[in-house]
Amino acid sequence: MKRIFLPIGLAWASVLAVALTQTAELKAPPVSPKLVAAGKQLYGQQCAACHGTTGRGDGEAAYLLYPKPRDFVAARYRLVSTWDRVPTDQDLFETITRGMPGSAMPSWGHLTPDQRWGLVYYIKSLAEKPLAIKPQKSPAADGSGGQGVIQPPPAPPFDAAAKTRALELYKDACASCHVASGRGDGTEKQIDDEGYPTRPRDLTAGI
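If you count the sequence shown from 1, position 85 lands on 85 in my numbering, and the numbers rise without skipping.
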């Protein structure tokens with residue numbers, strides 16, 4: 001059984017940072033008690049059934065879901081644009097807006113921006129440690145020790161040489177989980193750092 005820890009490497013971290021910044025950013029309203037209170041109320045109505053009333057990922061419906069809902073208290077996030085896995089407000093807003101493909105987490109893009117920002121601020125308040133973004137520091141060659149927001153370089157032209165290199169990188173860094181076809185249907189079982197079963201994304205269905 002293979003345990004998956006994140007971040008999983010420089011290449012994937014850079015891809016994720018680009019993906020999270022491709023959608024148009026909406027200016028975040030200032031944090032206020034009113035907005036957090038509205039987020040708390042909406043969380044109770046729309047999120048607690050899966051994520052639990054205290055945010056532990058232990059809601060009444062959690063046992064039915066695969067993968068398990070996120071534990072907002074432990075605050076170990078996956079879709080982040082930082083080296084050290086601390087989500088920015090925009091990361092959380094994007095995840096709420098887009099949902100989590102391949103999981104039971106739907107898109108909540110039908111909510112107003114203020115409703116989504118209210119959820120962001122309330123979810124952050126559930127974390128046992130403050131979700132503070134540190135100054136940017138690039139990681140060591142092995143991918144360890146980085147912090148702050150990832151600053152990916154501009155994408156190079158996608159020519160024949162780049163395609164060949166991409167295939168090599170995929171084979172070396174990605175295929176062990178997502179398999180050669182990209183469908184993520186290999187036989188190796190995996191668990192996340194909470195100890196729950198997880199599965200690689202079917203990349204043929206989109207990222």
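Glycine included, every Cβ here is placed at the ideal spot set by N, Cα and C. Keep in mind that this is a model prediction, so the values were computed, not measured.
Skipping 5 residues on each side, what residues in its chain have a beta carbon closer than 8 Å to that of residue i?
i, result
"R183", "D202, L203, T204"
"F93", "L26, A28, R116, W117, V120"
"P156", "A162"
With H, G and I counted as helix, E and B as strand and the rest as coil, what does DSSP make of residue i?
i, result
"T220", "In this structure the chain extends from 1 to 207, so residue 220 is not present and cannot be described."
"K68", "coil"
"V149", "strand"
"T23", "Confidence is the limiting factor: at T23 the pLDDT is only 49, short of 50, which leaves the residue's position unreliable and the question unanswerable from this model."
"Q45", "helix"
"Q190", "strand"
"K163", "helix"
"K34", "helix"
"T204", "helix"
"K239", "Residue 239 cannot be examined here, being either before or after the span of the chain that is shown, 1 to 207."
"K40", "helix"
"K137", "strand"
"K129", "coil"
"A180", "coil"
"A28", "coil"
"A62", "helix"
Just checking my contact of residue i with residue j at CB under 8 Å: how many whole Å lie between their CB atoms?
i, j, result
"L119", "T95", "So it is not a contact: roughly 10 Å between Cβ atoms."
"Y66", "P197", "7 Å"
"V73", "G44", "Not quite, the Cβ-Cβ distance comes to about 16 Å (not below 8 Å), so this is no contact."
"G195", "P101", "The pair is not a contact, with the Cβ atoms about 23 Å apart (cut-off 8 Å)."
Apart from the five residues just before and just after residue i, which ones in its own chain have a Cβ nearer than 7 Å to its Cβ?
i, result
"Q46", "none"
"I133", "T82, V86, T88, G148, V149"
"S138", "G146"
"G59", "A48, A49, C50, H51, G52, P69"
"A175", "none"
"A11", "Low per-residue confidence applies at A11: pLDDT is 49, beneath 50, and the placement is therefore not dependable enough to give any value."
"L42", "Q115, G118, L119"
What residues in its chain sit with their C-beta under 6 Å from that of residue i, if we drop five residues either side in the sequence?
i, result
"V179", "G186"
"R3", "Note that R3 scores a pLDDT of 46, beneath 50, so its modelled location is shaky; the value from the coordinates is reported in the next line. Cβ within range, chain order: I191."
"K40", "Y122"
"R98", "S107"
For chain D, find out if any of its Cβ atoms is closer than 8 Å to the Cβ of residue i; answer yes or no.
i, result
"L79", "You won't find chain D in this structure, because it holds only one protein chain."
At a cut of 8 Å, does the region 31 to 47 reach the region 118 to 132 through at least three beta carbon pairs? yes
Pairing CB atoms from the region 140 to 151 with CB atoms from the region 79 to 89, are three or more of them under 8 Å? Because the criterion of three Cβ pairs below 8 Å is met, the region 140 to 151 and the region 79 to 89 touch.
If we count Cβ pairs, one from each stretch, closer than 8 Å, do we get three or more for the region 99 to 117 versus the region 157 to 164? no
Which parts of the region 73 to 118 are runs of the alpha helix (DSSP H), unbroken and 4 residues or longer, counting only runs that do not cross its ends? 89 to 98
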